[in-house]
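Just below is one structure, and these are the notes that go with it.
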Amino acid sequence: MGKIIGITGGIASGKSTVTNFLRKQGFQVVDADAVVHQLQKPGGRLFQALVQHFGQEIILENGELNRPLLASLIFSNPEEREWSKQIQGEIIREELATLRDQLAQTEEIFFMDIPLLFEQDYVYWFDETWLVYVDRDVQVERLMKRDHLSKDEAEFRLAAQWPLEKKKDLVSQILDNNGNQDQLLTQLFSLLEGGKQDDRD
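Using UniProt numbering, the first residue of the sequence shown is number 1, and each one after it goes up by one.
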């Protein structure tokens, strides 16, 4: 059984920099967002569940999901929102569990990038959890710049996730990304070498 490390962070915290580096080092990294995207493609399990529930009108002429319509159907009705959260959560969890079990057979160590690792209670899957951390004001600034948002819009998006401060107390290791990319990757390299203990230890 391989060692499984869960990576989490927040929007614009720098998680993709970490996971791209890990892949370049030859590690397997399961990307939860990419898995969800696959499941929502025509023929995918989420696609089928959504069409079965909402009907053919949520399919565009090109066969893809009409995401704006779907979002309005789900978010305008608390019952639909609850249904969507439950069914999507179940299907995504099953799919991620399958990938985890497959990799555990072949990999000595591998990673799973799960944005809502704590919010959706994935923490028990992992031998270790690593947090890509930035201060809140840095996170807001980077998100505004990256997605061309106002400060209010950026704050609104961040409100959907737990604050990184809260996650900080729950993880095994913290990768501080308040500095530049080189500083982040230096910390990551130390963790991979096993030479760095978290400051709290």
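All C-beta atoms, glycine included, are put in the ideal place defined by N, C-alpha and C.
None of the values given here were measured: they were computed from a predicted structure.
Original post:
According to DSSP, what are the bridge partners of residue 130?
Top reply: 7, 173
Subject >> Uninterrupted beta strand (DSSP E) stretches inside the stretch 84-164 (no shorter than 3 residues) >> reply: 109-113, 128-133
Subject >> Enclosing alpha helix (DSSP H) for residue 27 [first to last residue] >> reply: Element bounds for residue 27: n/a, residue is neither H nor E.
Subject >> C-alpha distance - residue 179 paired with residue 138, whole-angstrom precision >> reply: 10 Å
Subject >> Where residue 60 falls: helix, strand or coil (DSSP) >> reply: In the structure shown, residue 60 sits in coil (DSSP, three-state: anything other than H, G, I, E or B).
Original post:
Among the residues of its own chain, which have a CB less than 7 Å from the CB of residue 199, if the five just before and after it don't count?
Top reply: Confidence in residue 199 is poor, its pLDDT being 41 and thus under 50, which makes the residue's placement too unreliable to answer from.
Original post:
According to DSSP, which residues form a beta bridge with residue 65?
Top reply: Within the DSSP secondary-structure output, residue 65 pairs in a beta bridge with 59.
**OP:** Excluding the 5 residues preceding and the 5 following residue 87 in the sequence, name in chain order all residues of the same chain whose CB lies nearer than 7 Å to its CB.
**Re:** 49
**OP:** Measure the alpha-carbon distance for residue 192 versus residue 26 and round it to whole angstroms.
**Re:** 12 Å
Subject >> For residue 32, the nearest candidate out of 124, 59, 186, 111 (CA to CA) >> reply: 111
Subject >> Residue from 131, 141, 148 whose Cα sits closest to the Cα of residue 172 >> reply: 131
Original post:
Looking at C-alpha atoms only, which residue of 54, 64, 10 is the closest neighbour of residue 154?
Top reply: 10
Subject >> Three-way DSSP call (helix, strand, coil) for residue 78 in this model >> reply: In the structure shown, residue 78 sits in a helix (DSSP, three-state: H, G or I).
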